[in-house]
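Quick notes on the structure that follows.
In the working numbering, the protein residues as written are 534 to 671.
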């Protein structure tokens, strides 16, 4: 199941940031709405990816991948909560706010690095333990 969920946050959280950034530059309110929807779907996907992540304790990259996956999930959830709070409590969409965009960029960096670690775990062999070579005496 993890292989199904893990692509959702990567795509949606990155597109959320892109939509919000473009909405700020081109003053398109509809793109902020698209950014918010991508953020919500991405946060749900991050929750699914974390909950379905396998236990690969033997892979040396697993602890970092797990940590950054959890950090990405928390960052996405926090941004959803903050954004929805402003939207419904203050009737304000903060998707174009520079401070929000910096937080969203941090989330994009987190999801990118998490995906990089996951790709390293799947597509490259784990580093082998050093081999002790003993000198052969005649």
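For glycine and all other residues, C-beta sits at the position ideal for the given N, C-alpha and C. The structure presented is a predicted model; accordingly, all values stated were derived computationally and were not measured.
Same chain, Cβ closer than 7 Å to residue i, neighbours up to 5 away in sequence not counted
i: residue 647; result: 598, 601, 602, 605
i: residue 550; result: 637, 638, 641
i: residue 573; result: 613
i: residue 580; result: 606
Residue i - DSSP class collapsed to helix/strand/coil
i: residue 542; result: helix
i: residue 626; result: coil
i: residue 555; result: helix
i: residue 657; result: coil
i: residue 534; result: coil
i: residue 562; result: helix
Alpha helix (DSSP H) segment containing residue i, residue limits
i: residue 589; result: No alpha helix (DSSP H) contains residue 589, which DSSP labels as neither H nor E.
Sequence-distant residues of its chain with Cβ nearer than 8 Å to residue i (five each side left out)
i: residue 616; result: 569, 572, 626, 627, 628, 633
i: residue 650; result: 594, 597, 598, 601
i: residue 561; result: 555
Nearest-angstrom Cβ-Cβ length linking residue i and residue j, presumed shorter than 8 Å
i: residue 644; j: residue 555; result: Rounded, the Cβ-Cβ distance is 19 Å, inconsistent with contact.
i: residue 630; j: residue 582; result: Their Cβ separation, rounded to whole angstroms, is 27 Å, which puts residue 630 and residue 582 out of contact at 8 Å.
i: residue 564; j: residue 654; result: Not confirmed; about 34 Å, so no contact.
Beta-carbon proximity list for residue i, same chain, < 6 Å, skipping 5 on both sides
i: residue 586; result: 535
i: residue 512; result: Absent from the structure is residue 512, since the part of the chain shown begins at 534 and ends at 671.
i: residue 541; result: 578
Problem set entry | Residue ranges of each alpha helix (DSSP H) within the region 572-622, 4 or longer | The qualifying runs are 595-622.
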